[in-house]
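Following: one structure in structure tokens, then a few remarks.
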Amino acid sequence: MARRITAREARARADAATFGHVGSDALEPLEGILGQERAVEALAFGLEVKAEGFNIFVVGQPGTGRTTAVQTFLERIARTRPTPPDVCYVHHFRDPSSPTALFLPAGRGRELKRLMEEFVETLERELPRAFEHEAYQAERQRVIERFEAERRELMQALTREAEGQGFYVEMIPQGVFLVPVRDGRPLRDEEFARLPEEEQRAIRARRQALEARVGQAMREFRHIERRAQEALKDLDRRHAATVLDVWLAPVAEAFQAHPEVLRYLEAAKADVLDNLALFLGGKNAPGAGGRSGVRDDPRRRYAVNVLVDRSGEVGAPVVVERHPTFPNLIGRIEREALFGALVTDFTLLRAGSLLRANGGFLIVPVPEVLRAPFAWDGLKRALRAMRLVIEDVGDAYGALITRALRPEPIPLDLKVILIGDPVSYYLLYHYDPDVRELFKVKAEFATTMPRTPEGERRYGSFFRTLAEKEGLLHLEASAMAKLVEYGARLAEDQEKLSTRFAEIADVVREADHYARKEGAGYIADRHVVAALEARRRRAELLKERMLELYAGGVLLVDVAGTAIGQVNALAVVQAGEMAFGLVKRVTASVAAGREGIVDIEREARLGGRIHTKGVLILSGYLRGQYAREAPFPLAAHLVFEQSYEGVEGDSASLAELLSLLSAIGEVPLRQDLAVTGAVNQKGTVQAIGGVNEKIEGFFDVCREKGLTGTQGVVIPAANVRHLMLREDVVQAIEEGRFHLYAVETVDEALELFTGLPAGVRGPDGAYPPESVHGRVAARLRAFQEQLQGHFVPGSARGGNGAPEGSPPAPPEPGPRP
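Under my numbering, the letters of the sequence shown match residues 261 to 1077, in that order.
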């Protein structure tokens, strides 16, 4: 027998006494992740395991506060971890395309950068002065004079030898030119031409012999020049080295405990000595070269690029990368325009979130990293190698052929936490083998938590933490009780609370608005109710339009009287954030035949697979109930009237079965009732989803058309625990203006809808004639006889059989069954 559901059962109310009748400011702050004990265990395990590949994939529905909760959890753990070092890049003087990485204690990178800037400023200011010192100039002059003396001596020897051969030595820009001499003066070209041929040949022979000596002398001149340059350069280096040691001493002293910094300082010192022209300013400086350009700017050449500065940080970093593109994850190499070309150097390296999170934790949202080109592969490549190479996308995939920087790789030591929904996780798990190797720990966030007194109090702690974090008003106990009820409504279970904290927090924020507008000091229950009503009103335009169609008779639904082969089914429409129930008339027509049940929705390609399965289950029920020993002589058509969109789900299968049985047995069904529920082949009514929205949908239609006091909804008994109905519906139930019934079997629903007994088989296997099953069985026998040609007028009571009064069909030969 169907059980009437009381108003108390229709909504499990929360008691303000659970919170001690005090506001949220008197409760304990929330510690940990609310309602996610299993996920917390998985997170803790993944963070404790040091082996590679034990990164974490957090799985949960959006809106459950996954990212915020995980971030808060990690920050609490991170405070107990050591602070990782600063990461710097400096110039590699032997291979400028491969910058060198330096790792310094937190905050020391900034110090090294400052000290090197001061060192370069000192060089630019003081080094030219050092080379203007009298002692240096005197020593330089002595070196120059020494080599000038060697040059003069060589020139004098060459001149004497040339004069002995009758030639004058003339220095020209191209070298040494030998001019023949006669009678103490050089011969002009026309004079040489008037000389006898024999004398000309003699002069040419002597010149040729002498040119070999001139060539040797020129080589000696160049050798003297090289020695002079080397001597001057050595003088410059020795002089500069003396002052460099003084100016580098503060840097070396500050970082004497860091051998890698000391090695860099030695390399920098050697490079300064090799490139003194950068500081001595120009082509006329001693040892000057002719270089220029961005790379030769000493302020950049000897700069320290601090990619990760952990000054002021305490503990390990927790980085949430909300826009995980390839450059944002891996890092980028920026470029500058110089004379129409794009150039770069180590000072243009920029850190990505992998580097900023190194030594700690990186949180990455799955949808965003999958949408960003190359980002997913870049992340996996870094985690497989456990080292990071800052590079351009084009370099990583071989798309660029120009020479680029190849910074020294940086070892990685961090945990990456992916945040995704279940669909993303299972797709990646099955189709991307790297996920199984790199994210071995799954931390799944539940969408609900048990509704216990302790759970409700922790809800209150969440409200306190939210209010203090965002500067909201604290909540009265009554307001927290209303929000607990709202949490149960979201969970669709009286014994559970939703963990969709993002949505619940939005309600608190909106309630805070109404409380402040009123000038209240606390958020009260009326403010929560106002916020919920306002949210509902903002989203109910479509629902109101549908109710107008019901009230205007455009959508045909009867909410009073009885009808054969017709019943009110219920469906749920999800319109954005709003879900509401709709009433759908289900009708059935039957006749004798062998086709069985024809699902018009399926034939019109509007029915989904689950709906089709539900209709096939009805065939199994009917055959098991009425065709155990004979063929099933039925042709029936089922349809959702005025349904022009797809139909999916099996929650209307009980309604479809009732309409079928009504049509077959010609038993009227109450139209003031609506029904929802799935059935199995044994006639058991099974639970469905969206029970609250469905009940409220029929209530709203009845209220539009006029409540009679007899209307109500029939639901599966298994769904009673899921009831969290609106206050107006609960009040109507309490006042007897609306009713709810719970059924466990098809028979219970039949008796409620028809007012007749369902019927139980007797010892002979037959049902009582006036029971519902008896009438259905009799009609099916009539259909069988009609199909066999033994139709007796009136045996099918008219309706879908032959009309009453029609002549009998001629008997077929042979005995009748």
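Yeah, the Cβ is synthetic: ideal placement off N, Cα and C, and Gly gets one too.
All values derive from a computational prediction rather than experimental measurement.
Spell out the partners DSSP gives residue i in its beta bridges.
| i | result |
| --- | --- |
| ALA1013 | Before going on, a small fix: residue 1013 reads as Phe here, not Ala. DSSP, once it has assigned bridges, lists no residue as partnering PHE1013. |
| GLN941 | Its beta-bridge partners do not exist; DSSP assigns none. |
| ARG610 | ARG592 |
| GLY841 | VAL832 |
| LEU602 | ALA597 |
| LEU929 | ALA823 |
| PHE539 | Per DSSP, none; premise fails for PHE539. |
| ARG264 | TYR1001 |
| ALA1037 | Bridge partners of ALA1037: none, in fact. |
| ARG631 | Note: ARG631 sits in no beta bridge, so no partner. |
| MET709 | LEU757 |
| ILE857 | ALA896 |
Is the beta carbon of residue i less than 8 Å from the beta carbon of residue j?
| i | j | result |
| --- | --- | --- |
| LEU540 | ASP556 | no |
| ASP496 | LEU536 | yes |
| VAL603 | ALA491 | no |
| GLN931 | ALA823 | yes |
| ALA302 | LYS702 | yes |
| TYR1027 | LEU1012 | no |
| ALA799 | GLU953 | no |
| PRO667 | ILE679 | no |
| GLY237 | ALA748 | The requested residue 237 does not occur in the structure, where the chain is confined to residues 261 to 1077. |
| GLU964 | LEU816 | no |
| LEU567 | ALA528 | no |
| THR936 | GLU1004 | no |
| ARG644 | LEU698 | yes |
| LEU894 | GLY925 | no |
| THR340 | GLY619 | no |
| TYR349 | PHE606 | yes |
| HIS982 | VAL951 | yes |
| VAL875 | THR1014 | no |
Going by other Cβ atoms of all chains shown within 10 Å of its Cβ, with 16 needed for buried, is residue i buried or exposed?
| i | result |
| --- | --- |
| ARG420 | exposed |
| ARG454 | exposed |
| PRO456 | exposed |
| GLY547 | Residue confidence is low: GLY547 scores 39 on pLDDT, short of 50, so the model does not pin down where it sits. Its coordinate-derived value is still stated next. Its Cβ being crowded by 16 or more others within 10 Å, GLY547 is buried. |
| GLY369 | buried |
| VAL1020 | exposed |
| ILE721 | Ile is not the amino acid found at residue 721; the sequence shown has Ser there. Counting Cβ neighbours within 10 Å, SER721 comes out buried, since at least 16 surround it. |
| PHE1051 | Its pLDDT being 47, under 50, PHE1051 is placed unreliably by the model, and the measurement read from it follows with that caveat. Under this definition PHE1051 is a buried residue. |
| SER922 | buried |
| GLY542 | Low confidence applies to GLY542: its pLDDT is 49, below 50, so where it sits in the model is not reliable, and the reading given next is rough at best. So GLY542 counts as exposed. |
| ARG845 | buried |
| SER911 | buried |
| HIS351 | buried |
| PHE279 | buried |
| GLY553 | The pLDDT assigned to GLY553 is 40, lower than 50, so where the model puts this residue is not dependable; a value taken from the coordinates is nonetheless given after this. Looking at its Cβ environment, which holds fewer than 16 other Cβ atoms inside 10 Å, GLY553 is exposed. |
| ARG268 | exposed |
| HIS483 | exposed |
| LEU898 | buried |
| ILE432 | exposed |
| LEU228 | Residue 228 is absent from the model: the chain starts at 261 and stops at 1077. |
| ASP443 | exposed |
| TYR686 | exposed |
| GLY550 | Residue confidence is low: GLY550 scores 38 on pLDDT, short of 50, so the model does not pin down where it sits. Its coordinate-derived value is still stated next. With fewer than 16 other Cβ atoms within 10 Å, it is exposed. |
| THR585 | buried |
8 Å is my cut-off, CB to CB: does residue i come that close to chain B?
| i | result |
| --- | --- |
| ALA453 | Here there is only one protein chain, and chain B is not present. |
Please specify which runs of the beta strand (DSSP E), each continuous and at least 3 residues long, are wholly inside the stretch 396-447, giving them in chain order.
Counting only runs of 3 or more, we get 427-432 and 435-442.
Ranges of the beta strand (DSSP E) found wholly within the stretch 963-1027, counting only runs of at least 3:
List check, beta strand (DSSP E) in window: 972-976 and 999-1003.
Going along the chain, which unbroken runs of the alpha helix (DSSP H) with 4 or more residues stay wholly within the stretch 551-584?
Here the runs fully enclosed are 558-561.
Within the stretch 462-522, note down every full beta strand (DSSP E) run reaching 3 residues or more, in order along the chain.
DSSP runs (the beta strand (DSSP E)) wholly in the stretch 462-522: none.
Tell me whether the stretch 950-970 and the stretch 988-995 touch, counting them as touching only if at least three CB pairs, one residue from each stretch, are closer than 8 Å.
Yes, the stretch 950-970 is in contact with the stretch 988-995.
Suppose only complete runs of 4+ residues qualify. What are the alpha helix (DSSP H) ranges in the stretch 725-764, listed by chain order?
List check, alpha helix (DSSP H) in window: 737-751.
4 or more residues per run - each alpha helix (DSSP H) lying fully within the stretch 639-689:
The qualifying runs are 653-656.
Jot down the residue ranges of each uninterrupted beta strand (DSSP E) in the stretch 329-374, minimum 3 residues, whole runs only, in chain order.
Within the stretch 329-374, the complete beta strand (DSSP E) runs of at least 3 residues are 346-350 and 360-364.
Runs of beta strand (DSSP E) lying entirely within the stretch 764-833, each at least 3 residues, in chain order
Segments of the beta strand (DSSP E) lying fully in the stretch 764-833: 822-824.
Report yes or no: do the stretch 673-689 and the stretch 284-293 share at least 3 C-beta pairs separated by less than 8 Å?
No, the stretch 673-689 does not touch the stretch 284-293.
Contact between the stretch 303-310 and the stretch 682-694 (3+ Cβ pairs under 8 Å):
Touching, no, given that fewer than three Cβ pairs across the two stretches are closer than 8 Å.
Would you call the stretch 776-783 and the stretch 725-742 touching, i.e. three or more CB-CB distances under 8 Å?
Enough Cβ pairs lie closer than 8 Å, so yes.
For the pair the stretch 576-596 and the stretch 347-362, tell me if three or more CB-CB distances fall below 8 Å.
No, the stretch 576-596 is not in contact with the stretch 347-362.
With a cut-off of 8 Å, do at least 3 Cβ pairs link the stretch 410-419 to the stretch 471-490?
Cβ pair count under 8 Å is three or more, so yes.
Across the stretch 414-428 and the stretch 462-476, are there enough close Cβ pairs to call them in contact, namely three or more that are closer than 8 Å?
The stretch 414-428, when compared against the stretch 462-476, does touch it at the 8 Å Cβ threshold.
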